[in-house]
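Contents: one structure, followed by commentary.
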Amino acid sequence: MPISLIIGAGSGLVSAALFASASTATSLAGLLFYLAPLPLCLAGLGWGGMAALLSALTGTVVIAASLGAATAAVFALSIAAPTALLTHLALLSRPAATPNGQVVGALEWYPPGRIIGWAALIAGLLAGILVLTIGYDQEAYRDTIRQILEHSTLKELDRNGTVFTEEAIASLSSVLARALPAAFAVIWLTITLFNLWIAALIVDASGRALRPWPDLRGFELPNALVPIFAGALAASFLPGLPGLLATGLAGALLFAYVLQGLAVIHLYSRGLPFRAVLLTAIYLGILLLGWVALVVAILGLAEPLLGLRQRGQPPTSGGTS
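So the sequence shown is numbered by the working numbering: it starts at 7 and just counts up by one.
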């Protein structure tokens with residue numbers, strides 16, 4: 007059996023074990039669960055698309071045999087299939103060509119910006135599936151979230167019922183119902199891209215990388231995402247289920263533009279004496295202050311028009327300063 011298939015099957019087993027760790031009530035279970043896509047990413051980026059596909063299939067079969075078909079479907083939709091697709095895209099290449107169409111010997115790899123764009127669209131789709139799974143209409147969706155809150159540990163923390171009253175739970179469930187699609191999309195996108203990034207670092211350091219390491223500071227999201235984002239953002243203000251479905255896609259694309267804005271800042275701030283302080287303040291602001299993330303996202307959206315990264319590039323040897 008080829009080594010790539012052995013690696014794929016083994017990676018699927020490890021990924022299934024990490025995913026199943028969520029059923030254990032330990033403090034380490036959450037961290038292991040978030041790393042469930044990592045073995046699949048390593049198999050794909052280090053041994054090819056067939057290894058990633060076999061890893062995804064193996065993990066799904068193991069989950070189905072141990073935890074049931076429903077849990078296996080969750081694993082397949084949220085981890086196995088998206089990871090296999092994104093690693094396949096990362097390994098796509100074609101012969102590079104000059105502006106006049108002449109083919110040269112170098113390879114042109116699938117751009118990182120398009121990979122991030124596809125990941126954002128997948129995150130929005132999964133957020134929509136989550137909403138429809140919870141409830142097929144707005145009332146059922148909100149009632150399900152309220153029931154989850156009522157049977158959660160909140161009641162145990164407030165046994166007297168003085169803090170988490172019926173009115174408080176109703177208000178909290180309304181807020182969570184509105185924010186859940188976008189929050190899920192952002193969290194899923196963060197976990198997926200983080201695992202892809204870590205896997206790429208590992209295979210590059212080990213010499214197993216099937217594609218050269220890209221300059222992530224220069225990635226560009228496809229321009230086609232701009233009208234999609236604008237439409238999703240406008241639709242997110244609609245009442246009822248359509249607005250909830252659009253919220254997940256808008257949140258995922260907003261986060262993708264935050265990443266593009268951060269790439270602009272990383273490249274344009276090179277050489278600044280206070281660069282470390284600036285980057286630290288921006289990252290803390292994104293984590294603690296929502297408006298900072300919006301400003302960075304606007305910067306990412308405006309980059310194709312402003313061309314800040316081109317201005318931040320060092321001059322060529324024959325150019326003028």
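Just so it is clear, CB atoms sit at the ideal spot from N, CA and C, and this is done for glycine as well. Given the structure is predicted, the values throughout are model-derived calculations rather than measurements.
Taking C-alpha positions only, A62 is separated from L199 by approximately 17 Å.
Here the alpha carbon of L285 sits roughly 10 Å from the alpha carbon of G291. When secondary structure is reduced to three states using DSSP, P101 falls in the strand class. Cβ contact annotation for N229 (same chain, cutoff 8 Å, sequence separation greater than five): P310, in chain order. Around the C-beta of A49, 16 or more other C-beta atoms lie within 10 Å, and the residue is accordingly described as buried.
For the 9 Å CB-CB criterion, R223 and S99 do not form a contact. As the crow flies, the alpha-carbon of A238 is around 18 Å from that of A308. When the alpha-carbon of I271 is set against those of I175, L207, L312, the nearest one is in L312. In this structure, Y116 places its C-beta atom within 9 Å of the C-beta atom of L95. As the crow flies, the alpha-carbon of A282 is around 19 Å from that of V264. Between D149 and S180, the alpha-carbon positions lie close to 9 Å from each other.
For L231 and G123, the gap between their C-alpha atoms comes out near 7 Å. For D210 and L178, the gap between their C-alpha atoms comes out near 45 Å.
With fewer than 16 other Cβ atoms inside 10 Å of its own Cβ, P233 counts as exposed. For A42, the secondary structure class from DSSP, reduced to helix, strand or coil, is coil. In the three-state scheme derived from DSSP, where H, G and I count as helix and E and B as strand, E226 is classed as coil. Pairing L19 with V68 gives a Cβ-Cβ distance under 9 Å. Ranking V302, L250, A42, G254 by CA distance to the CA of I197 puts A42 first. Nearest C-alpha to F261 among A189, S10, I9, Q153: A189. Cβ atoms of W194 and A129 come within 8 Å of each other, at about 5 Å.
Cβ neighbours of D143 within its own chain (closer than 8 Å, five residues either side excluded): G246, L247.
Using a Cβ distance threshold of 9 Å, L294 and G134 do not count as a contacting pair. One Cα belongs to L44, the other to G55, and the distance between them is close to 15 Å.
Under the 10 Å beta carbon count, I288 is surrounded by 16 or more other beta carbons and is classified as buried. It is roughly 10 Å from the alpha-carbon of G296 to the alpha-carbon of V302.
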